[in-house]
Amino acid sequence: MKNILITGANSDIAKALIDILLKNKIAKDVHIYASYRRNLPLAGKNFTPVILDICDDESFLKIKKGIQNVKFDAVVNFAGIAITSPVSNIKADDLAHQLDVSVVGLSRLLSFIYPYLNKDSRVINVSSMAAFGIFPFISPYCASKAAADILLNAFEIETGIRTVSIKPGVVKTKFWQYCIDINKENFKRFDGEYEKTGQFLLENAKANANKGICPKDVAKVIFRAIFEGRPKHSYLVGKDAYFASFSRFIPRCILNFMIKKVLDYRVRKFIYGKR
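When you line the sequence shown up against this note's numbering, it's residues 5 to 279, in that order.
Here it is as structure tokens:
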């Protein structure tokens, strides 16, 4: 029996993964422990929902009883948010919140879960192409994803437990609307020289909720990472994620020039296209 812990299980990609795990013949001997911050779904034969908030130390203490004698073969972390803001206007509390969820929260999870792992286990973090750090105005999100990769890699070196970073491009999920909601005040800070860019970013985020790859496509890659004998350290999902990965090989001055030109072009096209 393989035991799998999934955090942030209410995300669209997590739901797709759970569906695949419960229906796939390869995974017939799997038991899923799915964590939610609230509103637990019903338990099933191979499915145990638990309350867990990775930003709350006490939350980890509360689930200890239910998993005392469990060894996890895989842990998949979906917990995440995306804060948007020009760097010049970013609020310290917003940046701290981003890092608390994506970096400190991940460290809490790794620290807590380590005694429940064995040497053949793997820890999978759902990251983003943003980890390549090339997207302006969402620098908190980019920084947190890059930092999470560093944390994961150090954990693997120190413990010998395989870690995997899943880096999708744009995915059609409700995550976009969630981020729009939590950034309502931040979008108001796109004033002056950033006003038109802010308008474009807001509309682009709304559009992304209905374009890009399907959650199931990402879930299939995570499924592979769970069951492959020796999974890769990093998986790119979607053409845009592959394009983003090429940024590693472009000199910074050229890369920054290209990003600025493309963004300016898209903003102008958006603004004048509305008229």
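Where is the CB? At the ideal position from N, CA and C, for every residue including glycine.
In the structure shown, Val174 falls within a coil segment according to DSSP collapsed to helix, strand and coil. In terms of Cα proximity to Gly242, the closest of Lys6, Ala13, Val175, Gln102 is Val175. For Thr11, the enclosing beta strand (DSSP E) begins and ends at 6-11. With a 10 Å radius around the Cβ and a threshold of 16 neighbouring Cβ atoms, Val91 comes out exposed. Proximity of the segment 221-238 to the segment 164-175 meets the contact definition, three or more beta-carbon pairs being nearer than 8 angstroms. When DSSP states are grouped into helix, strand and coil, Val74 belongs to the coil group.
Under the three-state reduction of DSSP, His237 is assigned to coil, being neither helix nor strand.
In the structure shown, the three-state DSSP call for Pro53 is strand. Around the beta carbon of Pro144, 16 or more other beta carbons sit within 10 angstroms, so the residue counts as buried. Taking each of Ile36, Leu206, Lys69 in turn and checking the Cα distance to Lys49, the smallest one comes out for Ile36. Under the three-state reduction of DSSP, Ala38 is assigned to strand. Residue environment analysis places Cys257 among the exposed positions, since fewer than 16 neighbouring C-beta atoms fall within 10 angstroms of its C-beta.
Taking the Cα of Asn122 as reference, the smallest distance to any Cα among Ile85, Arg41, Phe253, Thr167 is reached at Thr167. Positions of the alpha helix (DSSP H) runs, each at least 4 residues long and wholly inside the segment 116-197, are given as 143-163, 179-186, 188-191 in order along the chain. For Ile217, DSSP records a beta bridge to Val175. Membership of Asp104 in any alpha helix (DSSP H) is not indicated, and neither H nor E is assigned to it by DSSP. With respect to the 8 angstroms criterion, Phe136 and Ser249 are classified as neighbours on the basis of their beta carbons. In the DSSP annotation of this structure, the continuous segment of the alpha helix (DSSP H) that includes Asn212 starts and ends at 199-212. Sequence-distant partners of Cys218 (beyond 5 residues in either direction) whose C-beta falls short of 7 angstroms from its own C-beta, in its chain, are Lys176.
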